[in-house]
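Visitor: Got a structure here, written out as structure tokens. Questions coming.
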Ligand SMILES: Nc1ncnc2c1ncn2[C@@H]1O[C@H](COP(=O)(O)OP(=O)(O)OP(=O)(O)O)[C@@H](O)[C@H]1O
Ligand SMILES: Nc1ncnc2c1ncn2[C@@H]1O[C@H](COP(=O)(O)OP(=O)(O)OP(=O)(O)O)[C@@H](O)[C@H]1O
Ligand code: MOO
Ligand SMILES: [Mg+2]
Ligand SMILES: [Mg+2]
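This is how it looks when you write it as structure tokens:
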């Protein structure tokens, strides 16, 4: 399609890459966090819960700024990771990290609700049949929370596709590296008469996210059907 | 406390007002939308689902701009509502509308997951005992999804406390009218040396949202306990 | 009378101080609304209750003038600013003649505001072009959504150098001004002001705009690092 | 009030295709696991919309596919005791019990809460939530919830399965009393319950009705013995004559005395007795000096050899038709054949308490 | 392998405080609804950690509060049939059945899948999910799942409650065969099941053990009759002598012949018979010309008047201790008193199939 320039195509590809990696990499942590919040009681649970919600509460710029301070090459975590070859600053990985963190509270909530809906009696039944905690989780709990995991993943993906403030503050806007769709859209909207170009990108954004949304619904329905009979 | 100026206190009060109203007013719609998506099959369901997720997918600035175009005094809906005395443009009501719309996908997802976890057999039992659809909903379904409703409300509230891009784009940043905490934080961050003041507001923001979070957890635990025994 | 000023966010401190002084002498109270110039311009187009608009960007003022939303007769350039190259910590100064940015940067990044969208970025790009550095530097530029974010990148050391307004550089101890771009290297940086056509308090707004150009007011702005307009 | 059901419905590999008319009283659905009992009851409840058919209680049509009529469950005035308790987890036992009352028409006759609570033995549980109940306790609360809804039709899917004998014995009379007031569809696997409660028995097999009719007829038919030969038995009607001081009650069955452990009914009232075929011993001569008190003169009507070593003997006695299950060897030894006179020995205590029921309705009284 | 349980545990207003030793075989827990059976079994399964006590299977300690030892459920090698089926909704019937196998030690003796499937009659259901099963079908799959886990201890909480008689009759022999292999704790409300399966009976009431001991002793004790007088009965051991052509099997019980409908065991093998007290008729003279084939000479040991019009007579016969429940009136009429000789008439077919079981273990064989 020639109604998008090469720079825009690059932004589209990058956005997809960032959103996918952000979603996939944060999913295990999301499940872990959701499990911890749903099933465990410990001192500091409220704190952890609050921490996870922080990116939702704070203006994205602030989150981006805090990311810069901690995960930047000079930040405590960034400096620690750098020798290991893990660099976030000005890389698409940083954009993915920002997107993942911004979407994390949404993901965790969805998965947590699913955990809370699992009947512990089924997990007990699995335990009496010889399944250790890990196996119970893998063979009973996880399949039963799959719809919630899907919902969480879709929320995370959608958020990652739309994330802008924290990303640009943390890793700025480098075409091909960190210029995601929202950054490109924002740039168009800053100049008079940029609305038409912005609209084109908005449409692309919508189409991509809708595709993910519909795919997730179809998948969720299939999972649900298997459980409900037939 | 005198470490916050009157304008800042105003922003705190306004943010709370906006977040509360946004959450409370969108909750019934959130429940309705969640119910529709969880329980009904109809043509255009994917479309509705996509529409609800739109504010998540789009950069907030775009959402704010679209709100400005439709709900502004010159926008189609804004112009229609104005004679009825309902004005969103550049009022706190507009900030609440923006916050509500931005938080809507989060709220709907949480409530929808809860709907999907309700055992339809219990609803059937209520129906055999003479409860009409509405009564079944009020006496069985609603109490059972309460944890999800709470989770949805808290997500909505947290998002409303942190919403910035759409709000400032839609209703600007008018002190006492539309200057919420995040807008105030943004304004501080735009000038040299404003970081300290911004940090103060960030802390206030965190404290407020944490309070809401903890309150919701306590409430949810109480609800859950009643169901699980004793 | 009470009137409302929509002003570029970077003017927050200077304009707040000026308005207080002005109110003491005139008795007119100004409600100050700070946001990005583009957002404010769009809102004024959509009918925002602004009496006076002070933009950081002549383009948006031109757009509003063409749309008939401001009174051209009142339009005046009230302030100016200078563009500087900053370095992290206490970097050694350079002169425009000896400037070799690629060498300075090495594999580091040059932090700027969006070079096609945000005024500071546009000015910076023009300056680098006229100094013959742009082509070599372009791939190394990290663009942010506003000048302050670019400043933050340099302040944290994430980027060794950046281009910001003199007003921003002055108050940040973590950076040092390496070079001030010659006046002629970029279009003049001006902050145009104008009274809106829908103004409810055109007299008060005009009076304030006029007062801003008096030596008393200009002294205040100078203290915040701004230069005289026009 | 009679119930008339005629439906066809396919779910997966299973097709339910039934038609029966149940006269007033308790209609027991009997059949093996998976034969379609729950599916049938769900259709009557309106939880399942059959692909075709018609369901009516008296003149009140609940479902008619021909007319496109389908009354939703909440308009059917049901009291449904589900196979699994299905209590509302967020409500206390008391609130669960009261649930149906909120929706019952004000005018409906209401079961007395305290009486039902006492009968079910759930008084100490009223303020608990279902999660803190034992399996049998849940089931009892579910029974109470259905009974207290002032239903116009009771559906009970193995309501007593999880209960001990003593508890069953306390609840059964309640269902018996309801027999005259509300039509009841009752699923049970217990022959004793069937015998005691059923006005009508409908036997299902693989989704079809293989036998239906008045309880006495279905249970007394030696050619059917759908319940397994062991469960065959006959139902007799008898009138209470006298309560003796030693705790025995004397009844009159067709002019002959029968002795039972004390029954509650006052002299003059009529009872149903179930005499299981395997509890009857036959003798050509009238036996003397036996501990068994009940001996009826009988005439052999039919001797039917079973599939095993047993034989089922149908007898005419002054008290009515009786079945005796004996060995083929004995049948031969005693020379039993149609027309032969003999004596039926019934152990007093073999007339077990759960087989003693109040008569089902006025017209059945002799 | 014996099971030893001693625990105290309080939940809400209920306190479980039990101690018993169960020798190898099936230990039936018997008690009214809410008496603590499920709580007890959950403690043995490790789903509940009792406040104090000790649980061991042979030398294998599962729980010991004194030593702070608590083996988690998955290390206890259990096969638990829950009171509610608790099937995994996301797995097919086949996968549900196979679930426990994944975790069983390779070396454990494995029940044969196809044999279990056939016994339970769930062959056509293997590819369905639990949501598409009837109540009884679910329960059968749950039984299969537990049996196929190659358990070292079987816990069964009313496993047959939702099943029809015919299906029960097909499954009971399987449990019987397991009796010699795996210790089994079995909750049941059915006296017939208890009599047939139990090696040991533990009677619970309000969280306490009110009676425990070998099945024959507990069931045959007229002073306890915990199951309600109607259910009292005695257990006899008899040896198969001969299978007759007319379908009867002749057994030897202490030198006297007993005739039963054909039994599967070959001549020489030993059986347990349950003779319900209410199935025994007494006569001073040896009765002649009765259809009942089994008549044993007996000496009255004790006559105990019950709370009603009945009396429980303990008898010594060459085949062992027998109980007869007759009316007080007959006891008086026949002049029954300790030491009196009489004859016990037992209807052949009253020795019901479910009361015929294989002997429990080698040392019990006479
Ligand atoms: N979570 C709980 N909290 C408080 N009390 C409980 C709880 N669960 C069960 N109980 C009580 O403990 C007692 C024993 O329950 P249990 O489930 O062991 O009974 P049961 O013998 O299995 O009965 P049933 O035959 O009805 O299944 C009951 O009185 C019950 O009310
Ligand atoms: N959702 C379903 N899809 C397909 N088949 C089903 C479904 N539900 C039940 N069945 C099948 O329909 C048949 C009848 O089921 P139903 O529940 O009516 O049996 P039932 O007579 O109540 O048995 P039980 O005594 O075991 O409860 C069974 O063979 C069952 O496998
Ligand atoms: O605040 Mo500005 O007008 O975007 O630099
Ligand atoms: Mg059923
Ligand atoms: Mg139980």
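Protein chains in written order, with this note's numbering: chain A, -9 to 220; chain B, -9 to 220; chain C, 54 to 283; chain D, 309 to 674; chain E, 309 to 674.
Glycine included, every Cβ here is placed at the ideal spot set by N, Cα and C.
Given the structure is predicted, the values throughout are model-derived calculations rather than measurements.
Along chain A, which residues have their Cβ under 7 Å away from the Cβ of residue 39(B)?
Guide: Per Cβ cutoff of 7 Å: 203, 207.
Visitor: Looking only at its chain, what residues have a beta carbon closer than 6 Å to the beta carbon of residue 119(C), apart from the 5 residues adjacent to it on each side?
Guide: None.
Visitor: Which residue wins for smallest C-alpha separation from residue 376(E), given the options 470(E), 401(E), 361(E)?
Guide: Nearest of 470(E), 401(E), 361(E) to residue 376(E), Cα basis: 361(E).
Visitor: Does the beta-carbon of residue 534(D) have 16 or more other beta-carbons within 10 angstroms, so that it is buried, or is it exposed?
Guide: Low confidence applies here, because residue 534(D) scores a pLDDT of 44, under 50, leaving its location unreliable; read the following figure in that light. Residue 534(D) should be labelled buried.
Visitor: For residue 650(D), which beta-bridge partners are listed by DSSP?
Guide: Its beta-bridge partners are 606(D).
Visitor: Are there any heavy atoms of ligand 4 lying less than 7 Å away from the beta-carbon of residue 314(D), as far as the coordinates show?
Guide: No.
Visitor: Less than 8 Å separating the beta-carbons of residue 515(E) and residue 338(E)?
Guide: Contact flag unset, no.
Visitor: Give the DSSP-derived three-state secondary structure of residue 439(D) in the structure shown.
Guide: The answer is helix: DSSP assigns residue 439(D) an H, G or I state.
Visitor: Please list, in chain order, the chain A residues whose beta carbon lies closer than 7 Å to that of residue 386(E).
Guide: Under the 7 Å cutoff, chain A gives 118.
Visitor: Which same chain residues, not among the five before or five after residue 154(C), have their C-beta less than 6 Å away from its C-beta?
Guide: Counting only Cβ-Cβ distances below 6 Å, and skipping sequence neighbours, we find 186, 190.
Visitor: Check for me: the beta strand (DSSP E) holding residue 312(D) runs from which residue to which?
Guide: That run of the beta strand (DSSP E) goes 311 to 319.
Visitor: For the beta strand (DSSP E) containing residue 556(D), list its first residue and its last residue.
Guide: Here the beta strand (DSSP E) through residue 556(D) covers 556 to 561.
Visitor: Considering Cα atoms alone, identify which of 243(C), 159(C), 141(C), 151(C) is closest to residue 175(C).
Guide: The shortest C-alpha separation from residue 175(C) is found at 243(C).
Visitor: Given a threshold of 16 other Cβ atoms within 10 Å of its Cβ, counted over all protein chains shown, does residue 211(B) qualify as buried or as exposed?
Guide: Exposed: under 16 other Cβ atoms inside 10 Å.
Visitor: By Cβ distance below 6 Å, which residues in the same chain neighbour residue 34(C) in space, the five residues on each side in sequence not counted?
Guide: It is not possible to answer for residue 34(C), since the shown part of chain C is limited to 54 through 283.
Visitor: Cβ closer than 8 Å: which chain B residues qualify as neighbours of residue 378(D)?
Guide: Correct list: empty, because the minimum Cβ distance to chain B is about 13 Å.
Visitor: Could you name the residues that DSSP lists as bridge partners for residue 588(D)?
Guide: DSSP output for residue 588(D) lists 654(D) as bridge partner(s).
Visitor: Bridge partners for residue 329(E) per DSSP, in chain order?
Guide: Answer is 312(E).
Visitor: For residue 647(D), which of 372(D), 420(D), 423(D), 609(D) has the nearest alpha-carbon?
Guide: With distances taken between Cα atoms, residue 647(D) lies closest to 609(D).
Visitor: For the candidate residues 346(E), 412(E), 556(E), 347(E), whose alpha-carbon lies nearest to that of residue 637(D)?
Guide: Taking only the C-alpha atoms, the option nearest residue 637(D) is 556(E).
Visitor: Which residues of chain B have a Cβ atom closer than 7 Å to the Cβ of residue 724(D), listed in chain order?
Guide: The structure shown does not extend to residue 724(D), since chain D is modelled only from 309 through 674, so no value can be given for it.
Visitor: Threshold first: 4 residues or longer. Then list the alpha helix (DSSP H) segments lying entirely within the segment -5 to 38 of chain A, N to C.
Guide: Listed in chain order, the complete alpha helix (DSSP H) runs (minimum 4 residues) inside the segment -5 to 38 of chain A are -4 to 29.
Visitor: Excluding five sequence neighbours on each side, which residues of the same chain lie with their C-beta closer than 8 Å to the C-beta of residue 56(C)?
Guide: Here the set comprises 81, 82, 83, 84, 104, 105, 252, 253, 254, 257, 258, 261.
Visitor: Can you pull the chain E neighbours of residue 647(D), defined as C-beta to C-beta under 9 Å?
Guide: The premise fails here: residue 647(D) is roughly 17 Å from chain E at the closest Cβ pair, so nothing lies under 9 Å.
Visitor: Step through the CB atoms of chain D and report whether any lies within less than 8 Å of the CB of residue 637(E).
Guide: Interface residue, yes.
Visitor: Am I right that residue 192(B) and residue 52(A) are in contact with their C-beta atoms under 8 Å? What's the rounded C-beta distance?
Guide: Correct: roughly 6 Å between the Cβ atoms.
Visitor: At least one CB of chain C closer than 8 Å to the CB of residue 159(A): is that the case?
Guide: Residue 159(A) counts as touching chain C.
Visitor: In whole angstroms, give me the CA-to-CA distance for residue 537(E) and residue 633(E).
Guide: Unreliable placement is indicated for residue 537(E), whose pLDDT of 43 sits below 50; the coordinate value is still reported in the next sentence. Cα to Cα, residue 537(E) sits roughly 8 Å from residue 633(E).
Visitor: Can you find a C-beta in chain A that's less than 8 Å from the C-beta of residue 155(B)?
Guide: Yes, because at least one Cβ of chain A sits closer than 8 Å to the Cβ of residue 155(B).
Visitor: Leaving out five residues on either side along the sequence, give the residues of the same chain with a beta carbon under 6 Å from the beta carbon of residue 137(C).
Guide: Here the set comprises 219, 222, 230, 233.
Visitor: I want to verify the contact list: residues of chain D whose CB lies under 7 Å from the CB of residue 115(B), in sequence order.
Guide: Per Cβ cutoff of 7 Å: 390, 394.
Visitor: Compute the distance between the beta-carbons of residue 347(D) and residue 311(D), then report whether it is under 8 Å.
Guide: Contact flag unset, no.
Visitor: Against residue 182(A), what residues of chain C qualify as contacts under a CB-to-CB distance less than 7 Å, listed in chain order?
Guide: 112, 113, 116, listed in chain order.
Visitor: Got a sec, what are the start and stop residues for the alpha helix (DSSP H) residue 636(E) sits in?
Guide: Taken as a continuous stretch (DSSP letters only), the alpha helix (DSSP H) holding residue 636(E) covers 636 to 642.
Visitor: Once the 5 residues before and after residue 163(A) are set aside, which same chain residues still bring their CB inside 6 Å of it?
Guide: So the qualifying residues of the chain are 169, 173.
Visitor: May I ask you to report which of helix, strand or coil DSSP gives residue 100(A)?
Guide: Three-state result, residue 100(A): helix.
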